[in-house]
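S.K.: So in my numbering, the last spot in the sequence shown is 158, and the numbers never skip. We put the CB at the ideal spot given by N, CA and C, even for glycine. Sharing a structure below in structure tokens format, with a few things to ask.
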Amino acid sequence: MKMDLREVGYDDRYWINLAQDRDQCEGGNEPAGSLKAICKIKVGNIVISILPVVLYGCETWTLTLREEQRLRVFENKVLRKIFGAKRDEVTGEWRKLHNAELHALYSSPDIIRNIKFRRLRWAGHVARMGESRNAHRVLVGMPEGKRPLGRPRRRWEDNIKMDGGI
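This is how it looks when you write it as structure tokens:
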């Protein structure tokens, strides 16, 4: 089955940038087998194959700080696999890349920012929906019954307010 990646959320700008990167590698600016070219291809594979699977349905997630931290750890682990280790200029020993160095090499927004953007976009869609739509009814409806004792669980609306949308 052939899948149109525009349905997953990748627009024409993504494909134009990817084509420009490929042309730079093939056009003589960078050798096609250079480390930088290989890293660009691997990062492109992350954006195409891994992120859509990880972020499927993230618009409706209610993330706690612990879950956000786990997602950041996953993203850093994948980026460290791609970019590898770095040789220290002073000692000459190999070391892992620090988080700031990883994010300097990886120009796309981090995974949490991507989730927040998608969540705010979905909140805008739900706010514009008609009152007969189920998603709108769930958002504005009041559930029956009592809440359990203890600290209230984080709600989707709370995440939207923290994201700065409402």
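Taking the alpha carbon of Ser73 as the reference point, which residue from Thr56, Ile104, Cys31, Leu63 has its own alpha carbon closest?
M.R.: Just to set this straight, residue 73 is Lys in the shown sequence, not Ser. Minimum Cα distance to Lys73 is reached at Cys31.
S.K.: Per DSSP, Trp148 forms a beta bridge with which residues?
M.R.: Answer is none; Trp148 lacks a bridge partner.
S.K.: Should the segment 53 to 63 be called in touch with the segment 88 to 97, which here means at least 3 C-beta pairs below 8 Å?
M.R.: Cβ pair count under 8 Å is below three, so no.
S.K.: Should Asn70 be labelled buried (16 or more other beta-carbon atoms within 10 Å of its own) or exposed?
M.R.: Note that residue 70 is Val in the sequence shown, not Asn. It counts as buried.
S.K.: Between the alpha carbons of Gly19 and Lys34, how many angstroms are there, rounded?
M.R.: Here Gly19 scores only 43 on pLDDT, less than 50, and its place in the model should not be relied on; the value that follows carries that caveat. Those two C-alpha atoms are separated by around 19 Å.
S.K.: On the CB-based measure, 16 or more other CB atoms within 10 Å of its CB, does Arg129 come out buried or exposed?
M.R.: Looking at its Cβ environment, which holds fewer than 16 other Cβ atoms inside 10 Å, Arg129 is exposed.
S.K.: Quick one: any contact between the segment 38 to 47 and the segment 97 to 114, if contact means 3 or more CB pairs under 8 Å?
M.R.: Result yes; three or more Cβ-Cβ pairs closer than 8 Å.
S.K.: In chain order, what residues of the same chain lie with their CB nearer than 8 Å to the CB of Leu97, ignoring the 5 residues before and after it?
M.R.: Cβ neighbours of Leu97 beyond the five flanking positions: Cys31, Leu71, Phe75, Leu89.
S.K.: Which residues share a DSSP beta bridge with Arg79?
M.R.: For Arg79, which the question treats as bridged, DSSP gives the partners Trp86.
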